[in-house]
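> Would you mind keeping the following structure in view while I ask a few things?
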Amino acid sequence: MGKIKLDEIDHQILDMLIDNTRIPFTDIAKKLLISAGTVHVRVKKMEESGIIRGSSLTLDYKKLGYSFIAYVGLFINNTSQTKFVLERINDIPFVTVAHITTGKFNIFCKIRAKSTEHAKEIIFMLDDIEGVYRTETMISLEESLNDKKRLMHSIFNDL
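In terms of the UniProt record's numbering, the sequence shown opens at residue 1 and continues consecutively.
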């Protein structure tokens, strides 16, 4: 499948949806001086082409008591155990992201915890998975950058 062609209106619609996935199409239409039907058709086209894949909700984990973030690299005994290890990781709800990686780690995870004590328990759960022989943890002091828009604008400039 080739590259999907998007125009400036599509870019602006995506820009607004990234800011607020719940923005009504009528509000987008008013801001862009187009009809709500046009917004609906364009969003539907982007969904059908796979550019838009659902929408997401952003939670304030600090307000929910989960302000501790750490990244845990897992070393596994054998790469053939990767699928098994990922299935066990999936059973730990505090692991919010897991990547199969090249380089130093076989799997790299992001965890969210209530405290350092809670993080230690999660790390021990990861370490106890059969096939994991070692973990290495990095504590996040602050999330300094989390901006989907910058990448999106760069991609649009390349189109």
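Glycine included, C-beta positions come from ideal geometry on N, C-alpha and C.
With Glu47 as the anchor, note down where its alpha helix (DSSP H) starts and where it stops.
Here residue 47 refers to the residue found at position 47 of the sequence shown. Here the alpha helix (DSSP H) through Glu47 covers 36-48.
> Helix or strand or just coil, what does DSSP make of Met1?
Within the sequence shown, numbered from 1, the residue matching residue 1 stands at position 1. Caution is warranted here: a pLDDT of 49 is assigned to Met1, below 50, making its placement in the model unreliable, and no coordinate value can be reported.
> Cβ of Phe75 within 8 Å of Cβ of Arg134?
Here residue 75 is taken as the residue at index 75 of the sequence shown, counted from 1. Here residue 134 is taken as the residue at index 134 of the sequence shown, counted from 1. Yes, the Cβ-Cβ distance between Phe75 and Arg134 is below 8 Å.
> Would you kindly check if the distance between the Cβ of Ile13 and the Cβ of Val41 is under 8 Å?
Along the sequence shown, read from residue 1 onward, the residue named residue 41 stands at position 41. Along the sequence shown, read from residue 1 onward, the residue named residue 13 stands at position 13. No, the Cβ-Cβ distance between Val41 and Ile13 is not below 8 Å.
> So, under 8 Å CB-CB, Phe108 and Tyr71 are touching, yes? Tell me the CB distance rounded to an integer number of Å.
For the purposes of this step, residue 108 is identified with residue 108 of the sequence shown, where counting begins at 1. For the purposes of this step, residue 71 is identified with residue 71 of the sequence shown, where counting begins at 1. Yes, Phe108 and Tyr71 are in contact; Cβ-Cβ is about 7 Å, under 8 Å.
> Around the Cβ of Gly65, are there at least 16 other Cβ atoms within 10 angstroms (buried) or fewer (exposed)?
Locating residue 65 in the sequence shown gives position 65, where the first residue counts as 1. Exposed, by the Cβ-count rule.
> Between Lys83, Ile18, Thr38, Glu130, which lies nearest to Asn146 when the distance is taken from Cα to Cα?
The count along the sequence shown starts at 1 and reaches residue 146 at position 146. That would be Ile18, whose Cα lies nearest to the Cα of Asn146.
> Decide if Val85 is buried, meaning its Cβ has at least 16 other Cβ atoms within 10 Å, or exposed.
The residue you call residue 85 lines up with position 85 of the sequence shown. The residue in question, Val85, is buried, as its Cβ has 16 or more Cβ neighbours within 10 Å.
> In this structure, does DSSP put Ile9 in helix, strand or coil?
Locating residue 9 in the sequence shown gives position 9, where the first residue counts as 1. Reduced to three states, the DSSP call for Ile9 is helix.
> Just mark Leu151 as buried or exposed, buried being the case when its beta carbon has 16 or more other beta carbons within 10 Å.
Working through the sequence shown from its first residue, we reach residue 151 at position 151. Classification of Leu151: exposed, given that the 10 Å Cβ count is below 16.
> Can you give the beta carbon distance from Lys110 to Ile139, rounded, assuming they're within the 8 Å contact cut?
Looking up residue 110 in the sequence shown gives position 110. Looking up residue 139 in the sequence shown gives position 139. With 8 Å as the limit, Lys110 and Ile139 do not qualify as a contact, their Cβ atoms being about 12 Å apart.
> Of the residues Asp127, Ile51, Ile9, Asp60, which one's Cα is nearest the Cα of Ala36?
Here residue 36 refers to the residue found at position 36 of the sequence shown. Closest by alpha carbon: Ile9.
> Expressed to the nearest angstrom, what Euclidean distance is found between the alpha-carbon atoms of Asp91 and Ser49?
As a position in the sequence shown, residue 91 is number 91, starting the count at 1. As a position in the sequence shown, residue 49 is number 49, starting the count at 1. If I take the Cα positions, the gap works out to 32 Å.
> Starting from Leu74, trace the beta strand (DSSP E) both ways and give me its first and last residue.
What you label residue 74 is simply residue 74 of the sequence shown in a count that begins at 1. Looking at the DSSP string, the run of the beta strand (DSSP E) that includes Leu74 is 68-76.
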